[in-house]
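Below: the structure, in structure tokens.
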Amino acid sequence: MLVYVLRRLSQSVAVLIGVTLITFLALHVGGDPTYLFVGERATPQDIEMARQALGFDKPLYVQYLNFAWKLVQGDMGQSLTYKSNALGVVVEHLPATIELTMAAFAFATIFAIPLGVFAALKRGTGIDGAVMTFAMIGQSMPSFWLGIMMIIFFGLFLNWLPISGHTPLLAPLLAGDLVTAIHNTPEALVHLIMPAATVGLFSLSRNARLIRSSMLEVLGLDFVRTARAKGQTEKGVVLNHALRNAWLPVITILGLEFGFMLSGVVVVETIFSWPGVGRLVFNAIGQRDIPVVQAAVVLFSFAFVAINLCVDMLYARLDPRVRLR
Amino acid sequence: MTELNSLACRIGLAALGLLGLCETSLAQRPDARTAVVAYGSDASTLDPQQINSRDTQNIADHVWMSLYEIDDDGKLVPYFAESFSESPDGKQLTFKIRAGMKCHDGSPMSAEDVAYTFKRARDPANKLVGSTPGFVLTSLGYKNASAPDPTTAVIEIDQYNPIALGLISEVKILCKAAYERMTIDQAGQKPVGTGPYRFAEWIKSDRIVIEKVPDFPLRKASFDRIVWRVVPEASTRAAELMARNVDIITNVAPDQIDTINRSGGAKVQSVAGTRRMYVGFNFKPVFNTPGGLAVRKAEVRRALQYAIDVPTICEQLLRAPCKRATGLVNPPNDNPDLKPYPYDPAMAEKLLDAAGYPRKADGVRFDMKLQGPNGRYLNDKNVMLAIGQYLTDIGVKTDVEILDWASVYLPLTRAKKEAGPMFFLGTGGGTWSALYDMADLSAPDAITNPMNWDDPKWFSRWAELNRKQPESEQRRVVNEMLKVFYDESPWLLLYFQPDFYGVSDRLNWRARRDERINLVSATAK
């Protein structure tokens, strides 16, 4: 087991080094970004001073080694646009993205289950057709278009929901400020409705279709027939037998769904002015704010590598054959 | 209407099980004492000596005083300084400082704060590079600052500078006591100001809130709070304005102007900005191509001026009427005797024939490349394509090449200076001085001279401008130089880029040409 753990750990370190190297090279391939950080009237002396202060005057490998050495010490450098700790800037934006992703995930899951189950139970009826048409439309609409349509309809014409912006919920909770968190909750929820629905509609549609087909498959199996034959009520058959088994393939997908949403909120964060990490990184790439992009990539890579490592170790613990591969 | 909306809200949100949120959802409009501005990008820092964008400078203008400021009419007026004088040789600038002013932390202000501000900006240990004071102090020829007594600040420069006062107006005065205690990082996050508004809150990528300083004696502000919201998407900004959730939005997309004007609650104000849009001709030897060689002749460049219908470009592509520029200086400081080149393609063809570039058998006189960015300036790509077509129509076959601004075009224009032989660019200018605009071409090797233009008829005149002389004499030299620029045409002259602001009907506010958003003088209707 120890050998296996050491092997997986060394693989994870290699993956992290690879990710940092690729990110570093990709960001530097566009050349010297000094000009983006000086005003258009900057003199050659100002530009040279800026280049030296930012470290862009050094050879690329020296810049990478400096970056790697600082990274080992937990320092990901200063944001060039925010003029403060790059990792701090990323972490500051993280709660907003997690809030949005969790809300979208909840929206996609909570509404998908009854829709999918209902459509399966009413197979071939108008209700089934309506649900499937809705799911098809939901999967076809690009999120930027859907977001803007929702803004126009619910925000502008009906004035039911705030058009853009964010009220922090997770950040005060993480800071232990329960009073602010409770105070912010109603406003935070109304701010979440449109962006979460925009992010979650695609997943909702896909999950509804998946649950429907999974339910249809399970409803035709012998044990369901047996449950009915034993005199179970239809509600009991659906909830206790069919849905419990239909869940399994859906749960596998849901795990992937969260990561997909987390990385796919950039457009929605931009449309709804959501101060999340997706928009931060998108802007940082445009402004060549290399430390922020690197900090975000390293943070996310580290999280994914750590999760995979934990999962692999759990597998190895549960199934000894894995350790021998 | 509100009751009807509330009812509809209850019915709608009841379906979602969120009935209790209705009151909150409808309470997005700012109260009468608050003004809300939505702009496209977040502030990078709130340390005035690290700011390098106009958006953030606009916030800083409310939180800090400067010695002088540029007022709504584009004139330089005293602010923290009561008056200004200079030594006979122009190398020593003396400011009489107002007494009784206080920093937002309560500590008294004096000339010592002025001296500290300039010294801090130039202290190499602070590494304050790339910011507005960076270029200001370099352009100024700054040498030293001192405070001989509490109400006198002296700034020394290396030689007489005719635009010194305007440059100094860009520098925000910091409180020595507060900033000496802060690290550079702290200074960027939790500033201590000196102006009519004090910093209250900054939620990154979301909003910056500033609050009125009740007893600020120099400017009377009407709004208690100003919220600067970050709304990157132009259509979302427009929706927020039309829903009356914000009072001013910047950079309205031209295709949304009519929608906003029809909304009943807001109007779009259009002003000719101070950004000078032009097509530069690159004279660098690397462009020894037929086209590159052709545009080194002034008569060819003059001929090309007649080929472009600038008012039509403005009307059709920018959705704003414009008058064609006659040079690099913003009106009203330009040379009034110069008339814009008219659109006259026949004249362009005649002049090209006379210059020795007749159409060949295929109808082409010579071919050229026009390079420029996409998305950097208002409708830039389409403007370039239009210019390319206008030139092709008179036999100058033009290949328009669109490049990425950040990684390709900016280094090409500023580092290598090899954009071209024709390139599309816009550079910021001012309303307060012709010399400020002309300073872009202060020397053949200036970074703001990506044409590599080195005509002695222009550059030799700078010695006169940099010499103290009566204002009328200075103006005469300026006008003569602008005539040289007009005749030699190192730029294919275009327009001053229009700026579009969406403004709520509840606000008395006038858009300025220099992209400054001054809400101190704004009032609620």
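Chains as they are written, first to last, in the working numbering: chain E, 1 to 325; chain X, 1001 to 1525.
Backbone N, C-alpha and C define an ideal beta-carbon position, used for all residues, glycine too.
Contacting residues, own chain, Cβ-Cβ under 8 Å from residue i (five flanking each side not counted)
| i | result |
| --- | --- |
| residue 1153/X | 1067, 1081, 1094, 1095, 1097, 1111, 1114, 1115, 1145, 1146 and 1147 |
| residue 70/E | 76 and 77 |
| residue 1504/X | 1241, 1244, 1246, 1247, 1248, 1265 and 1266 |
| residue 1324/X | 1310, 1311, 1340, 1341, 1493, 1494 and 1495 |
| residue 1321/X | 1311, 1314 and 1315 |
| residue 1284/X | 1417, 1418, 1420 and 1452 |
| residue 1027/X | Caution is warranted here: a pLDDT of 46 is assigned to residue 1027/X, below 50, making its placement in the model unreliable, and the coordinate value is therefore given only provisionally. Closer than 8 Å at the Cβ level, and outside the excluded window around residue 1027/X, lies no residue. |
| residue 1040/X | 1055, 1230, 1231, 1232, 1234, 1237, 1250 and 1251 |
| residue 1444/X | 1452, 1453, 1454 and 1459 |
| residue 1120/X | 1049, 1126, 1128, 1174 and 1179 |
| residue 1083/X | 1095 and 1096 |
Of the residues the options, the one placed nearest residue i, counting alpha carbons only
| i | options | result |
| --- | --- | --- |
| residue 58/E | 248/E, 32/E, 44/E and 17/E | 32/E |
| residue 1485/X | 1341/X, 1328/X and 1269/X | 1328/X |
| residue 1348/X | 1088/X, 1375/X and 1308/X | 1308/X |
| residue 1034/X | 1258/X, 1210/X and 1058/X | 1210/X |
| residue 1408/X | 1372/X, 1386/X and 1442/X | 1372/X |
| residue 1305/X | 1194/X, 1497/X, 1288/X and 1388/X | 1388/X |
| residue 1468/X | 1171/X, 1089/X and 1039/X | 1089/X |
| residue 1367/X | 1343/X, 1350/X, 1337/X and 1288/X | 1288/X |
| residue 182/E | 194/E, 21/E and 167/E | 167/E |
| residue 172/E | 206/E, 153/E, 38/E and 188/E | 188/E |
| residue 53/E | 243/E, 83/E, 29/E and 73/E | 83/E |
| residue 67/E | 17/E, 36/E and 205/E | 17/E |
| residue 1448/X | 1440/X, 1208/X and 1142/X | 1440/X |
| residue 72/E | 13/E, 286/E and 132/E | 13/E |
| residue 1164/X | 1432/X, 1515/X, 1463/X and 1215/X | 1432/X |
| residue 287/E | 1118/X, 1406/X and 1402/X | 1406/X |
Which residues DSSP lists as bridging residue i, in chain order
| i | result |
| --- | --- |
| residue 1281/X | 1422/X |
| residue 1508/X | 1523/X |
| residue 42/E | Answer is none; residue 42/E lacks a bridge partner. |
| residue 1225/X | 1034/X and 1211/X |
| residue 1086/X | 1093/X |
| residue 1102/X | 1108/X |
| residue 1366/X | 1396/X |
| residue 1270/X | 1500/X |
| residue 1158/X | According to DSSP, which records beta bridges pairwise, residue 1158/X is partnered with nothing at all. |
| residue 1078/X | 1068/X |
Residues near residue i in its chain [Cβ-Cβ closer than 7 Å; skip 5 each side]
| i | result |
| --- | --- |
| residue 1523/X | 1222 and 1508 |
| residue 1136/X | 1167, 1170 and 1171 |
| residue 1489/X | 1298, 1301, 1302 and 1305 |
| residue 1497/X | 1273, 1275, 1277, 1377, 1378 and 1426 |
| residue 1317/X | 1379, 1382, 1383 and 1386 |
| residue 1077/X | 1068, 1069 and 1071 |
| residue 165/E | 191 and 273 |
| residue 1392/X | 1398 |
| residue 169/E | 99, 181, 184, 185 and 188 |
| residue 193/E | 161 |
| residue 1442/X | 1462 |
Contact set for residue i: own chain, Cβ-Cβ below 6 Å, skip 5 residues either direction
| i | result |
| --- | --- |
| residue 1511/X | 1269, 1271 and 1501 |
| residue 203/E | 108 and 257 |
| residue 205/E | 135, 138 and 139 |
| residue 317/E | none |
| message | Check whether the segment 293-307 of chain E and the segment 122-132 of chain E are in contact - that is, three or more C-beta pairs closer than 8 Å. | response | Put simply, the segment 293-307 of chain E does not touch the segment 122-132 of chain E. Fewer than three CB pairs are less than 8 Å apart.
| request: Mind the definition here: the segment 1384-1403 of chain X touches the segment 1245-1253 of chain X only if three or more C-beta pairs lie below 8 Å; say whether that holds. | output: no
| task | Pair every Cβ in the segment 92-110 of chain E with every Cβ in the segment 1191-1202 of chain X, then say whether three or more of these pairs are closer than 8 Å. | result | no
| query | Closer than 8 Å, Cβ to any Cβ of chain E: which residues of the segment 1213-1246 of chain X, in chain order? | reply | Those would be 1229, 1230, 1231, 1232, 1233, 1235, 1236, 1239, 1240, 1242, 1243 and 1245, in chain order.
| request: Would you be able to state if there are at least three C-beta pairs under 8 Å between the segment 244-251 of chain E and the segment 203-223 of chain E? | output: Pairwise C-beta distances place the segment 203-223 of chain E in contact with the segment 244-251 of chain E, as three or more of them are shorter than 8 Å.
| query | Between the segment 1133-1160 of chain X and chain E, which residues of the former have CB atoms less than 8 Å from a CB of the latter, in chain order? | reply | 1134, 1135, 1138 and 1139
| field | Where the segment 51-81 of chain E meets chain X: residues whose CB sits under 7 Å from a CB there | value | 53 and 81
| Against chain E: residues of the segment 1437-1470 of chain X by CB proximity under 9 Å | 1439, 1440, 1445, 1446, 1447 and 1448
| Listed in chain order, which residues of the segment 1410-1435 of chain X have Cβ atoms closer than 7 Å to some Cβ of chain E? | Of all residues in the segment 1410-1435 of chain X, 1410, 1411, 1414, 1415, 1427 and 1428 have a Cβ within less than 7 Å of some Cβ in chain E.
| What are the residues of the segment 1375-1398 of chain X that lie near chain E, defined by any Cβ-Cβ distance shorter than 7 Å? | Of all residues in the segment 1375-1398 of chain X, none places a beta-carbon less than 7 Å from a beta-carbon of chain E.
| task | Residues of the segment 1045-1057 of chain X with a CB closer than 9 Å to any CB of chain E: list them in chain order, please. | result | 1045, 1047, 1050, 1052 and 1053
| query | Relative to chain E, which residues along the segment 1175-1190 of chain X have a C-beta separation below 8 Å, given in chain order? | reply | 1184, 1185, 1188 and 1189
| request: Return the residues of the segment 1058-1074 of chain X that lie within a Cβ-Cβ distance of less than 7 Å from chain E, sorted by chain order. | output: none
| message | Under 9 Å, CB to CB, which of the residues in the segment 15-48 of chain E have a partner in chain X? | response | 29, 30, 31, 32, 33, 34, 35, 36, 37, 38, 39, 40, 41, 42, 43, 44, 45, 46 and 47
| task | Anything in the segment 79-103 of chain E with a Cβ closer than 9 Å to a Cβ of chain X? List those residues in chain order, please. | result | For the segment 79-103 of chain E, the set of positions with a beta-carbon nearer than 9 Å to some beta-carbon of chain X reads 79, 80, 81, 82, 83, 84, 85, 89, 92, 93 and 96 in chain order.
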